[in-house]
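Participant: Each residue of the sequence shown is one higher than the last, beginning at 500 in the working numbering.
Virtual Cβ for every residue (Gly too), placed ideally from N, Cα, C.
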Amino acid sequence: MLKIKRVHKSFSCCCSPLQRRGVGGEVRSIKIIVLYFSILLLLAGTQSCKTVTGTLNVDKELAYCLQQVSKTLQPIPTDRSLPRCIASGQKEWRYVDYRDWTSGFWPGILWYAYEFSNQDKWKAAADRYSRSLFPLIDSSAIDHDIGFQLYCSVGNGYRLTKDEAYKAVLLRAADSLATLYNPKVGTILSWPREVPGVDWPLRHNTIMDNMINLELLFWTAQNGGDQKLYDIAVSHAAVTMKNHFRPDFTSYHVVVYDTATGKKVKGITHQGLNDSSMWARGQAWAIYGYTMVYRETKDLQFLDFAQKVTDVYLDRLPEDMIPYWDFDDPAIPNAPRDASAASVVASALLELSGFVEDKEKAKMYYDKAVAMLTELSSERYQSREVNDAFLLHSTGHKPNSGEVDASIIYADYYYIEALLRLKKMADTL
Ligand code: GLY
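(1) Look up Ile831 in the DSSP assignment and say whether it is helix, strand or coil.
(2) Return the residue from the list Val764, Asp725 and Ala868 that minimises the CA-CA distance to Lys783.
(3) Check whether the Cβ of Arg780 lies closer than 7 Å to any heavy atom of the ligand GLY, and answer yes or no.
(4) Report yes if the C-beta of Gln648 is less than 7 Å from at least one heavy atom of the ligand MG; otherwise report no.
(5) One question on the structure: do Asp642 and Trp690 come within less than 8 Å of each other, judged by their Cβ atoms?
(6) In this structure, does DSSP put Ala586 in helix, strand or coil?
(7) Please report how far the alpha carbon of Leu919 lies from the alpha carbon of Leu561, in whole angstroms.
(8) Taking the alpha helix (DSSP H) that Ile786 falls in, what are its first and last residues?
(9) Is Val697 helix, strand or coil when you go by DSSP?
(10) From Tyr657 to Phe615, what does the alpha carbon distance come to, in whole angstroms?
(11) If we call anything under 8 Å between Cβ atoms a contact, is Ala667 one with Leu716?
(12) Does the beta-carbon distance from Ala925 to Thr550 come in below 8 Å?
(13) Can Asp932 be considered in contact with the ligand GLY, in the sense that its beta carbon sits closer than 7 Å to one or more heavy atoms?
(14) Would Thr545 be called buried (16 or more neighbouring beta carbons within 10 Å of its own) or exposed?
(15) Is any non-hydrogen atom of the ligand GLY found closer than 7 Å to the C-beta of Trp600, if you look at the structure I gave you?
(16) Please check the pair Trp824 and Ala779, which I expect to be a contact at CB under 8 Å, by giving their CB distance rounded to whole angstroms.
(17) Tell me the DSSP secondary structure of Val755 in three-state form.
(18) For the putative contact between Tyr563 and Gln881, defined by C-beta atoms under 8 Å, what is the C-beta separation to the nearest angstrom?
(19) What does the Cβ neighbour count give for Ala612, buried or exposed, with the cut at 16 atoms within 10 Å?
(20) For Arg593, name the three-state secondary structure that DSSP assigns.
(21) Just to confirm, does Gly895 get its C-beta within under 7 Å of one of the non-hydrogen atoms of the ligand GLY?
(22) Could you pull the DSSP bridge partners for Leu555 from this structure?
(23) For the ligand GLY, is there a heavy atom less than 7 Å away from the beta-carbon of Gln770?
(24) Helix, strand or coil for Phe744 per DSSP?
(25) Report the CB separation of Ala672 from Ile731 in whole angstroms; it is logged as a contact under 8 Å.
(26) Mind checking who Asp825 pairs with in its DSSP beta bridge?
(27) Between Ile585 and Ser629, what straight-line distance do the alpha-carbon atoms span, to the nearest angstrom?
(28) List the DSSP bridge partners of Tyr680.
(29) Between the Cα of Thr760 and those of Arg702, Lys727 and Asp887, spot the shortest distance and give me the residue it belongs to.
(30) Per DSSP, what are the beta-bridge partners of Thr705 in this structure?
(31) Using the Cβ count rule (16 or more neighbours within 10 Å means buried), how would you classify Asn617?
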């Protein structure tokens, strides 16, 4: 069983016992000094102040992430090559170009590396790769993923630098995303193109993942963009809340709508096991998405809903807190895991724990997030010397045998985001 405490901060150099007591010549004092430095050595990492929560040393895990980022950065062929995944048993990243839906996560990771370390080398790399995505705004949105692509990269870049070039790109990206909104339905069309192997070609469809892209619309509405972007985001969240969930608050991956009337046709899956199963990452996007929508709207119906979609996920998690790729796979416990869903949820739960008024429930969410991050940081999930990613054991698209039990860039992105969130929370306690 994991031993998890709320949070305690460990030694800070500015309150060293040596400063308060003096060393003297006595054996006892020497023992204390030796003990003190031994503990410091034990906790040693790149930073002088440490954030430790339960058995999880957040600074150490962040330092580990930076080491892996260095290893990934060094051999990348060009600024147009973005690492996406490493297949199980392989060492090499598979690279994609800026049009891939995952293109924003690598620059986003570099921005987080910069945020943690304040080192210019990460800023320079993050800037370079963020700029390599700028061509995305030169053509109309080919799907909802423009939010993932540009908010995780350029969005973080703007947050940390206030570079006006980033802001201009984000404003245009949000307008582009909004062109996919269908007012009859009240949601964004996630896939405006034909999707292989489906029986609903070109009908209005909305996928759960699309919730994450609302953050770009909220941000834009608050940063000089059109106010109608806020209304679109709220409508998308509300209509999705109504149509995308079963009575037990588990999510369909896709909902197909009648494009002309806006009526719901059916709820189905694309990446999950079947139409009535709980696909782990889909539920993770719901947890993250509704937590973020509450942050942006302060509408309590979204906070209540975020807890409902979270609770069904937590109730059905295995003891080690890392979900199988789909909660209903009959092959469990021999089914693949999805560390990416665990990373997304860990990050979301930290935020959710700060919104929930019921102190016991808030602590439960916080503690579960810490437990997830503790397990992800173990030798069972960290890649370490196996490959250059942060994490092993994510599952991308099992039904088409894509990225099963792999290292995937978005697992790493939400893992480092969650560690940084935890560090900030722990440091302010
Ligand atoms: N947004 C695609 C996925 O979660 O796999």
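Facilitator: Inspection of the coordinates gives the following:
(1) coil
(2) What sits at residue 783 in the sequence shown is Ala, not Lys. The option with the nearest alpha carbon to Ala783 is Ala868.
(3) yes
(4) This structure simply doesn't include the ligand MG; it includes the ligand GLY instead.
(5) yes
(6) coil
(7) 8 Å
(8) Ala779 to Thr796
(9) coil
(10) 16 Å
(11) no
(12) yes
(13) No answer is possible for residue 932: it lies beyond the span of the chain, which begins at 500 and ends at 928.
(14) Here Thr545 scores only 39 on pLDDT, less than 50, and its place in the model is too uncertain to base an answer on.
(15) yes
(16) 6 Å
(17) strand
(18) 7 Å
(19) buried
(20) strand
(21) yes
(22) Thr552
(23) yes
(24) strand
(25) Their Cβ separation, rounded to whole angstroms, is 14 Å, which puts Ala672 and Ile731 out of contact at 8 Å.
(26) Trp778
(27) 22 Å
(28) Ile687
(29) Arg702
(30) Val754
(31) exposed
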